[in-house]
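I have placed the structure first, in the form of structure tokens, so that the comments after it can refer back to it.
Protein chains: 2
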Amino acid sequence: MRITALAGGIGGARFLKGVLAARPNDAVTVIGNTGDDIWIHGLRVCPDLDTVMYTLGGGISIERGWGREGETFTVKEELAEYGVEPTWFGLGDKDIATHLVRTQSMQAGFPLSDITAALCERWKPGVRLIPMTDDRAETNVIVDDPSGALDDAGRPLQIAIHFQEWWIKYRAQIPARGFVLVGVDQARPAPGVIEAIEQADIVLLPPSNPVVSIGTILQVPGVADALRSTTAPVVGVSPIVGGAPVRGMADACLTAIGVETTALAVAAHYGARLPRSASAGGNESTEIGGGFIDGWLVDESDSASVAAIEALGIRCRAVPLLMSDLDATKAMVSEAMSLAGMP
Amino acid sequence: MRITALAGGIGGARFLKGVLAARPNDAVTVIGNTGDDIWIHGLRVCPDLDTVMYTLGGGISIERGWGREGETFTVKEELAEYGVEPTWFGLGDKDIATHLVRTQSMQAGFPLSDITAALCERWKPGVRLIPMTDDRAETNVIVDDPSGALDDAGRPLQIAIHFQEWWIKYRAQIPARGFVLVGVDQARPAPGVIEAIEQADIVLLPPSNPVVSIGTILQVPGVADALRSTTAPVVGVSPIVGGAPVRGMADACLTAIGVETTALAVAAHYGARLPRSASAGGNESTEIGGGFIDGWLVDESDSASVAAIEALGIRCRAVPLLMSDLDATKAMVSEAMSLAGMP
Chain Y
1 MRITALAGGI
11 GGARFLKGVL
21 AARPNDAVTV
31 IGNTGDDIWI
41 HGLRVCPDLD
51 TVMYTLGGGI
61 SIERGWGREG
71 ETFTVKEELA
81 EYGVEPTWFG
91 LGDKDIATHL
101 VRTQSMQAGF
111 PLSDITAALC
121 ERWKPGVRLI
131 PMTDDRAETN
141 VIVDDPSGAL
151 DDAGRPLQIA
161 IHFQEWWIKY
171 RAQIPARGFV
181 LVGVDQARPA
191 PGVIEAIEQA
201 DIVLLPPSNP
211 VVSIGTILQV
221 PGVADALRST
231 TAPVVGVSPI
241 VGGAPVRGMA
251 DACLTAIGVE
261 TTALAVAAHY
271 GARLPRSASA
281 GGNESTEIGG
291 GFIDGWLVDE
301 SDSASVAAIE
311 ALGIRCRAVP
321 LLMSDLDATK
331 AMVSEAMSLA
341 GMP
Chain B
1001 MRITALAGGI
1011 GGARFLKGVL
1021 AARPNDAVTV
1031 IGNTGDDIWI
1041 HGLRVCPDLD
1051 TVMYTLGGGI
1061 SIERGWGREG
1071 ETFTVKEELA
1081 EYGVEPTWFG
1091 LGDKDIATHL
1101 VRTQSMQAGF
1111 PLSDITAALC
1121 ERWKPGVRLI
1131 PMTDDRAETN
1141 VIVDDPSGAL
1151 DDAGRPLQIA
1161 IHFQEWWIKY
1171 RAQIPARGFV
1181 LVGVDQARPA
1191 PGVIEAIEQA
1201 DIVLLPPSNP
1211 VVSIGTILQV
1221 PGVADALRST
1231 TAPVVGVSPI
1241 VGGAPVRGMA
1251 DACLTAIGVE
1261 TTALAVAAHY
1271 GARLPRSASA
1281 GGNESTEIGG
1291 GFIDGWLVDE
1301 SDSASVAAIE
1311 ALGIRCRAVP
1321 LLMSDLDATK
1331 AMVSEAMSLA
1341 GMP
């Protein structure tokens, strides 16, 4: 069976471990978020791709969930001695080798998708990992200038900062006024992205951040349309349990785009699948969100929302959604497959 | 007093420690060799500049003489796991921070001389360290193809390899057929280089490699002429003691350019100063070597060559030349100053 998943970082990667454990004989393609990618000290860093690669390849720090096991931070400390900014990004020594290979390959002209495939030759993650795009599409966050500066009208000056600055430096503790995926209008899906959705037997949305992970991938031109038109069922796993994100800061992101932090609201945001005939006329919407969810798993604690989600036209089931260990994650994957009527 | 020195790596740096110790109140400018500089894994590495900076700034590995004290090699090991070449260059983790700062600054458009000054703000080497040039001038070594390939005439195919490949990978154990400083004809001296020679009270040539360190600096257009025309005495310290290099592989380099490995031959190669009136007519030679040495220190064991060197028109003295400790090096510096009639 061909399984395609859209994935962000830590949550997505952990879910994918469950996919591989539950479906050892299936071919899994992962479309990774690259909106978080950033140049740090001249190195190209792809946090979500690397988290998936390291997690599935056995190199991830179990404790942190990102970066390498047994990591050291010698280079980071030395950079701080030079007084160069930024100092808030966790650039580990082992990790830097990955970024050096990637950066040099990019400077030699290779596309990120080829470079990712080359890096995966070492890590053997057991999935085909494809970046959502080889082009620049960078998540920026609109915030009130943290310096307190005001605009001409005396209101807080709004500035755009890189997602990582908001997420890591400010720990998402300053309100996001909005997100802008800079460059996405010119971005094309990386080779294989659209085919992986069109030719899948099932598409899974792991419990990744619906705004800055899955939502970013959905903005790449063609991806949302492919989800709307694929014959594969699309089944999502709620990242929201009991009105709060299981981990990460999805609530701050959802608030910024006017979506409630509930399993129901996120399902409604993605939207129930429209009849496929309605979207097959070449008059496809380029709007993101809406129109492609067939099934949605919510946590047991959210069982009260099952009926409301089904009323949207989405098949829904309440099951344990905490990825506390591999068996629990495997069970979630099996529930997602079963919800789609898959063997 | 204004002291200017031309310097390579380890030997030059150790001598400069002696200069600072012997002349604590003098202003010292160091013109550093950049012919050895290399791109490794996308990082710009300047081995000689860094050796001078780390040595004088207290960060050098005492045991190795290059790289940082307490260095680790995590990134290097990880790069090897990815199977990327080259694997023979000793890229340490602490050292990488320096290269990252340099590389990013170069990519931002700053000249190497400005970047070197910025790096020295951390290290405070106590000298003004200037690269010989901000332009590309890369030492390549002509060797018989190590693969054993032959040319059309059945002779060993000659290829050019980067100096570091010859020096480190092959440990100078394959014969050098010649050296080519690629790009030097288009290179200009970095800002301050010519002035440092012209305005010096004395110019010192440490016991650095006369071919691939000092010899490289001399090839930068204008440098040899400045040495010929400066009113400052130029005093060199023989890197050859008893017919062999004190350290390094200068013999292999000298052989390649047809110069004997003796203190006398190196002095003759640099050449006794010509009468300044002969070179002041604007009709200056662009030949390197020859014509600018006023004084030359040889080791006690080479005292038999003093007369022959003096016969060349070079003031010469035989003194202990082993930089076994700081006091010994200080004494060498004092002898060099004294040989030039300096207080």
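One line per chain: the protein sequences are Y and B, in this order. Mapping the first sequence onto the working numbering, position 140 (from 1) lands on 140, and the numbers just tick up by one. In the working numbering, each number is its position in the second sequence, counted from 1, plus 1000. For every residue, glycine included, the Cβ atom is placed at its ideal position computed from N, Cα and C.
Where residue i and residue j are concerned, what is the direct C-alpha to C-alpha distance, given to the nearest angstrom?
i: Gly242/Y; j: Asp302/Y; result: 6 Å
i: Asp1327/B; j: Ser1334/B; result: 10 Å
i: Ala1097/B; j: Glu78/Y; result: 6 Å
i: His1099/B; j: Arg1044/B; result: 6 Å
i: Gly59/Y; j: Pro210/Y; result: 26 Å
i: Val30/Y; j: Ala336/Y; result: 16 Å
i: His1162/B; j: Arg188/Y; result: 40 Å
i: Gly229/Y; j: Asp95/Y; result: Residue 229/Y is actually Ser in this sequence, not Gly. Answer to the nearest angstrom: the Cα atoms are 38 Å apart.
i: Thr329/Y; j: Val234/Y; result: 18 Å
i: Gln158/Y; j: Glu165/Y; result: 15 Å
i: Glu1300/B; j: Ala1265/B; result: 16 Å
i: Ala278/Y; j: His269/Y; result: Bear in mind that the predicted position of Ala278/Y carries a pLDDT of just 48, short of 50, making it unreliable; the figure below should be weighed with that in mind. Roughly 19 Å between the two C-alpha positions.
i: Thr1072/B; j: Ala318/Y; result: 50 Å
i: Met323/Y; j: Gln1104/B; result: 40 Å
i: Thr1004/B; j: Thr1139/B; result: 23 Å
i: Lys1076/B; j: Ala340/Y; result: 47 Å
i: Gly70/Y; j: Thr1074/B; result: 11 Å
i: Gln1186/B; j: Gln1219/B; result: 11 Å
i: Val1306/B; j: Leu1204/B; result: 19 Å
i: Ile197/Y; j: Gly57/Y; result: 23 Å
i: Gly8/Y; j: Leu321/Y; result: 17 Å
i: Leu227/Y; j: Asp1048/B; result: 57 Å
i: Gln1107/B; j: Leu1254/B; result: 36 Å
i: Phe292/Y; j: Pro245/Y; result: 22 Å
i: Ala350/Y; j: Arg247/Y; result: There is no way to answer for residue 350/Y, as the model of chain Y reaches only from 1 to 343.
Find the residues of chain Y that neighbour residue i, judging by a C-beta separation of less than 8 Å, and give them in chain order.
i: Gly1041/B; result: Inspection of the sequence shows that residue 1041/B is occupied by His rather than by Gly. Chain Y residues near His1041/B: Leu100, Val101, Gln104.
i: Glu1081/B; result: Ala97, Arg122
i: Gln1107/B; result: Gly42
Over the uninterrupted alpha helix (DSSP H) stretch that includes residue i, give me the two end residues.
i: Arg122/Y; result: 112 to 123
i: Pro131/Y; result: Premise fails: Pro131/Y lies in the beta strand (DSSP E), 128 to 131, not in any alpha helix (DSSP H).
i: Leu1016/B; result: 1010 to 1022
i: Ile1309/B; result: 1306 to 1311
i: Val1223/B; result: 1223 to 1229
i: Ile1096/B; result: 1093 to 1107
i: Thr329/Y; result: 326 to 339
i: His269/Y; result: 263 to 270
i: Ala250/Y; result: 250 to 256
i: Ala1196/B; result: 1193 to 1198
i: Thr29/Y; result: No alpha helix (DSSP H) holds Thr29/Y; the beta strand (DSSP E) holding it covers 27 to 32.
i: Gly1057/B; result: 1047 to 1057
What in chain B is Cβ-close to residue i, meaning under 8 Å?
i: Val75/Y; result: Val1075, Asp1093, Lys1094, Ile1096, Ala1097, Leu1100
i: Thr72/Y; result: Thr1072, Thr1074, Asp1093
List, in order along the chain, the chain Y residues whose C-beta lies closer than 7 Å to that of residue i?
i: Val1084/B; result: Val101
i: Glu1078/B; result: Lys94, Ala97
For residue i, report the span of its beta strand (DSSP E) as first-last.
i: Thr4/Y; result: 2 to 7
i: Pro1078/B; result: A small correction: the amino acid at residue 1078/B is Glu; Pro does not occupy that position in the sequence shown. Premise fails: Glu1078/B lies in the alpha helix (DSSP H), 1074 to 1081, not in any beta strand (DSSP E).
i: Ala318/Y; result: 315 to 319
i: Gln219/Y; result: Gln219/Y -> not in any beta strand (DSSP E); alpha helix (DSSP H) instead, spanning 214 to 219.
i: Gly178/Y; result: 178 to 182
i: Glu1138/B; result: 1138 to 1144
i: Asp1299/B; result: 1295 to 1299
i: His1041/B; result: Counting along the chain, His1041/B falls outside any beta strand (DSSP E), and DSSP gives it neither H nor E.
For chain D, check one thing: does any of its Cβ atoms lie closer than 7 Å to the Cβ of residue i?
i: Glu1260/B; result: Of the chains in the structure shown, none is chain D; the protein chains are Y and B.
Task: Meets three-Cβ-pair contact criterion under 8 Å: the region 1123 to 1136 of chain B and the region 104 to 120 of chain Y - done: no
Open item on the list: For the pair the region 70 to 88 of chain Y and the region 19 to 36 of chain Y, tell me if three or more CB-CB distances fall below 8 Å.
Closed with: no
TODO: Answer yes if the region 49 to 58 of chain Y comes into contact with the region 162 to 180 of chain Y, meaning at least three C-beta pairs across the two stretches below 8 Å, and no otherwise.
DONE: no
Task: Inter-stretch contact (C-beta, 8 Å, three-pair minimum) for the region 196 to 212 of chain Y and the region 248 to 264 of chain Y - done: yes
- [ ] State whether the region 165 to 174 of chain Y contacts the region 189 to 201 of chain Y, with contact taken as three or more CB pairs (one from each stretch) at a distance under 8 Å.
- [x] no
TODO: Could you say if the region 61 to 70 of chain Y and the region 1031 to 1043 of chain B meet the contact criterion of at least three C-beta pairs nearer than 8 Å?
DONE: no
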